[in-house]
Amino acid sequence: MASIIVPTDFSENAYNALFYASQLFPAEDCSIYLVHSYERSLKDTISKMDPVANEVIIAKLRGTVHCQLEQLSHRIQLDCAGQKLKVELMYAALPLNDIINDLIENLDVHFVVMGTKGASGLKEIFLGSQAVDTIKNINPIPLFLIPENVDYVCPKKIAYATDLKQYNQQENIAFLIKMINAKNSKLELVHFHDQSDIFDEVQPHFEKFKDQLKDVEFTTHWMLSEHSLEADIKNFCEKQSVHLLVLLLHKYSFLKNLIKTSTVEKISFQANLPLLILPE
284 MASIIVPTDF SENAYNALFY ASQLFPAEDC SIYLVHSYER SLKDTISKMD
334 PVANEVIIAK LRGTVHCQLE QLSHRIQLDC AGQKLKVELM YAALPLNDII
384 NDLIENLDVH FVVMGTKGAS GLKEIFLGSQ AVDTIKNINP IPLFLIPENV
434 DYVCPKKIAY ATDLKQYNQQ ENIAFLIKMI NAKNSKLELV HFHDQSDIFD
484 EVQPHFEKFK DQLKDVEFTT HWMLSEHSLE ADIKNFCEKQ SVHLLVLLLH
534 KYSFLKNLIK TSTVEKISFQ ANLPLLILPE
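Using this note's numbering, you'd call the opening residue of the sequence shown number 284 and step up by one each time.
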């Protein structure tokens, strides 16, 4: 059974992520926790002077949010007719990440799927501010990021870009293998290096990694980095016609360096490819 958290702001972008989540394990019973934070809307409408009026405002806002979530639940179940899909509605006047973390801590949730969009209308930006904030602050759990205006495509070819500095990834690899088997996918394992890299330093990790992947079809690519790592990964995914990119988030990783950038505008990354982030 798949148990998935899907945040929504009621945009079409968020619905695309919801549909993507519903299609990841369609043959299984699936529970989706559809999550909305109305914290910002409440702050914009609340009165500091009239507590009685505030009660009315809060009740009306909660009713509106509940109705919108019910409509989304009805829509996704119609679009997934024939699947064993259960939708739970979760909403609160709390920061989105707090709601997500509370669900992760108290329920048997397997992963999160959320839509992403660029800041300030910059379409070339993949990791918007909300996505970066979520990556930084939710509890360790696999996280799918689905770019704006990207339709669902079955991930028959999955690329895992790794620095091979971490090999003790049993839970992460088990999740990845489950998805590969569910979709009958092929894994492209790619390691980018420069001239100064010492192969002997990563070889032991690579051998253990291969052993974990022994039951799936995969090809290994040793790639000399020619540009920025972002550009190298993007070029590789385009040339290999990859459907899903997988990255591991650990304290020395490429992705960790990306989200440390001071402004979102600096993060120009693959704009049309779903991303799966595995936690350390």
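Glycine included, each C-beta is placed from N, C-alpha and C at the ideal position.
Under DSSP, the beta strand (DSSP E) around SER286 begins and ends at which residues?
285–290
Curious, which full-length beta strand (DSSP E) runs of at least 3 residues does the stretch 496–536 contain?
501–507, 527–532
Kindly list the residues whose CB is nearer than 8 Å to the CB of PRO557, restricted to its own chain and excluding five residues on each side of it in sequence; keep chain order.
TYR303, PHE427, LEU428, ILE429, PRO430, VAL433, PRO438, HIS526, LEU527, LEU528
Opposite LEU556 in the DSSP bridges: which residues?
According to DSSP, LEU556 bridges with nothing at all.
If you follow the beta strand (DSSP E) that ILE383 is part of, which residue opens it and which one closes it?
Where ILE383 is concerned, there is no enclosing beta strand (DSSP E), although the alpha helix (DSSP H) it sits in stretches over 379–389.
Residue closest to LYS367, alpha-carbon to alpha-carbon, out of HIS319, ASP312, ILE341, HIS488:
ASP312
Buried or exposed: LEU361, going by 16 or more other Cβ atoms within 10 Å of its Cβ?
exposed
Taking C-beta to C-beta, are ALA376 and TYR321 nearer than 8 Å?
yes
Taking just the CA atoms, how far does ASN337 sit from PHE475?
55 Å
Can you tell me which of ILE315, ILE340, ASN518 puts its alpha carbon nearest to the alpha carbon of ASP327?
ILE340
Where VAL436 falls, given that 16 or more other Cβ within 10 Å makes a residue buried:
exposed
Distance check for THR347 and ALA465, CA to CA, integer angstroms please.
37 Å
Cα-Cα separation between PHE308 and PRO334, rounded to whole angstroms
46 Å
Does the stretch 342–357 come into contact with the stretch 386–400, if we say contact requires no fewer than three beta-carbon pairs (one atom in each stretch) closer than 8 Å?
no
Going by DSSP, which residues form a beta bridge with PRO562?
LEU532
Simplified DSSP assignment, three categories, for LYS369:
strand
Less than 8 Å between the C-beta atoms of LYS461 and PHE501, yes or no?
no
Three-state secondary structure (DSSP) at PHE492?
helix
Sequence-distant residues of the same chain with beta carbon closer than 6 Å to SER536, five excluded per side:
Low confidence applies to SER536: its pLDDT is 49, below 50, so where it sits in the model is not reliable, and the reading given next is rough at best. Excluding positions up to five away in sequence, the list is empty.
Assuming LEU561 contacts ASN455 under a Cβ cut-off of 8 Å, what Cβ separation, rounded to an integer in Å, is found between them?
4 Å
So, under 8 Å CB-CB, PHE492 and LEU530 are touching, yes? Tell me the CB distance rounded to an integer number of Å.
With 8 Å as the limit, PHE492 and LEU530 do not qualify as a contact, their Cβ atoms being about 15 Å apart.
Should ILE315 and VAL392 be called a contact, given that it needs their Cβ atoms to be closer than 8 Å?
no
Measuring straight from C-alpha to C-alpha, what distance separates LYS497 and ASN422?
29 Å
Expressed to the nearest angstrom, what Euclidean distance is found between the alpha-carbon atoms of LEU512 and ILE441?
18 Å
Looking only at C-alpha atoms, which of PRO487, MET373, ILE424, PHE293 sits nearest to ALA457?
ILE424
What separation, rounded to the nearest whole angstrom, lies between the Cα atoms of GLN486 and ILE359?
46 Å
Look at THR503 and LEU459 and say whether their C-beta atoms are less than 8 Å apart.
no
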